[in-house]
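Under the UniProt record's numbering, think of the first position of the sequence shown as 1, with each following residue one higher. All residues carry an ideal CB built from backbone N, CA and C; glycine is no exception. None of the values given here were measured: they were computed from a predicted structure. Written out below as structure tokens is the structure these notes cover.
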Amino acid sequence: MITILYMISIGFLLVLSGFFSGSETALFSLRKWQLRQLEIQEKRRAGKIASLLSAPRNLLVTILIGNMMVNVTASTVAESFCHRVFTVNSTLIAIIGTTIFLLIFGEITPKILAIQFVRQFSLFVAYPLIIFQKLISPLQSAVYNLSLFFIQFWSKGATPDTMLISREEIHRIMDMGLREDVMNPREKKIISRIHLLGQIKVSKITVPLEKIFSIDIDSPPETAIPLIVNKGFSRIPVYRKNRENIVGILLLKDLLPYWSGSKKIDSLKPLVHEPVKVRFNHRTINALRTLRVKKFHMAFVTNNQNVVTGIFTIQDLVNILVDDKKF
1 MITILYMISI
11 GFLLVLSGFF
21 SGSETALFSL
31 RKWQLRQLEI
41 QEKRRAGKIA
51 SLLSAPRNLL
61 VTILIGNMMV
71 NVTASTVAES
81 FCHRVFTVNS
91 TLIAIIGTTI
101 FLLIFGEITP
111 KILAIQFVRQ
121 FSLFVAYPLI
131 IFQKLISPLQ
141 SAVYNLSLFF
151 IQFWSKGATP
161 DTMLISREEI
171 HRIMDMGLRE
181 DVMNPREKKI
191 ISRIHLLGQI
201 KVSKITVPLE
211 KIFSIDIDSP
221 PETAIPLIVN
231 KGFSRIPVYR
241 KNRENIVGIL
251 LLKDLLPYWS
261 GSKKIDSLKP
271 LVHEPVKVRF
281 NHRTINALRT
291 LRVKKFHMAF
301 VTNNQNVVTG
311 IFTIQDLVNI
321 LVDDKKF
């Protein structure tokens, strides 16, 4: 009878060990979009998950404390059981047996299941973890604060590594999205093309000057403004004497009061904005950053001689991303 109780106890402790190991893998593998989907389907239980993940360090400490307590207890019970059953090398048998069983049933199996069924596993473990976290709250706080002290002591002057996501990870996430029906093939294609922005050069998306409507800065406003409004472009390049000598840009919204007649102006010069320029060999991602800083949607592309050869716009980039054209 006692032997059966020992075996039941060890089995129960292995389940608990798997619970904590799987919890760590599932909760920290859960993506934001998966959590949002759970909040739609399982609002109440998803709220428990969000509560746990709102303090990830505290959650990690809680799980590690639970796992350590269970594994130590399992080792102690297993050693006591082996002393009763085996007369020779009982301690060695207990160590080997505990290690193998904890590795298979307390680590590998639950972690694999947690990865395969991340949402279901997260929903299952959330409520028990919250209860356990409350029960060991004083111990958890003490361990967390002590570890925080050592972390701050050891990390003085250290710079944290930048968290980067690789192309392979992005494709894995997109494949998961397709399987889970939260992303369609077209959306996957667009996202995969966005990832190429760090490789594509501005010259690939440049619209040549000869294909662009532009206007001379010395043009009379009374003829230039109606012409611009009729063209319907929101941004108009402005040059002086020749098209390559770009001096700025006009915004349609600035011209409308003068077109309607509510205001008068003698020259276009006061309305011209300073041009934003990017080099033809720059990466598109860098050009986008420049436009974001300058708060503009259009940049003029220059060659090695600093001569303007065309324009680069966010709209053209978006059109290429959503179309099937090759870069």
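In the three-state DSSP reduction, residue 77 falls in the helix class (H, G or I). For residue 222, the uninterrupted alpha helix (DSSP H) run begins and ends at 221-231, by DSSP.
When rounded, the separation of the alpha-carbon atoms in residue 75 and residue 95 is 7 angstroms. Only residues of its own chain outside the window of five on either side were considered, and among them 70, 73, 74 and 77 have a CB closer than 7 angstroms to the CB of residue 13, listed in chain order. Taking 8 angstroms as the upper bound for CB-CB distance, residue 255 and residue 272 are not in contact here, some 11 angstroms apart.
In this structure, DSSP gives residue 244 an extended state, which the three-state scheme calls strand. A Cβ-Cβ separation of about 11 angstroms leaves residue 131 out of contact with residue 62 under the 8 angstroms criterion.
Beyond the five residues adjoining it in sequence on each side, residue 231 comes within less than 7 angstroms, by CB distance, of 213 in the same chain, given in chain order. Residue 56 is not bridged by DSSP to any residue. A straight line joining the alpha-carbon of residue 141 with that of residue 124 spans about 25 angstroms.
With a cut-off of 8 angstroms on Cβ pairs, the segment 280-300 is in contact with the segment 197-212, counting three or more such pairs. For residue 312, the secondary structure class from DSSP, reduced to helix, strand or coil, is strand.
For the set 284, 291 and 303, the Cα lying nearest the Cα of residue 321 is the one of 284. In the three-state reduction of the DSSP assignment, residue 268 falls in the coil class. For residue 297, the secondary structure class from DSSP, reduced to helix, strand or coil, is coil. Rounded to the nearest whole angstrom, the C-alpha separation of residue 90 and residue 7 is 16 angstroms. For residue 56, the closest of 210, 227, 292 and 26 by C-alpha to C-alpha distance is 26. Check the Cα spacing between residue 9 and each of 80, 248, 93 and 33: the tightest is with 80.
DSSP, reduced to helix, strand and coil, places residue 236 within a strand of the structure shown. Taking 9 angstroms as the cut-off, the beta carbon of residue 21 is found no closer than this to the beta carbon of residue 129. Under the three-state reduction of DSSP output, residue 201 falls in the strand class. Per DSSP, the beta bridge partners of residue 302 are 279 and 308. Going by beta carbons, residue 248 and residue 275 fall inside the 9 angstroms limit. The three-state reading of DSSP puts residue 123 in helix, counting H, G and I together. In this structure, residue 64 lies away from residue 49, with their beta-carbon atoms at least 9 angstroms apart. Taking C-beta separations shorter than 6 angstroms and ignoring five residues to either side along the sequence, the partners of residue 143 in its chain run 61, following chain order. Residue nearest to residue 51 within the set 35, 15 and 83 is 35 (criterion: CA-CA distance). The segment 104-155 is shown to contain no whole beta strand (DSSP E) run of 3 or more residues.
DSSP, read as helix, strand or coil, puts residue 30 in coil.
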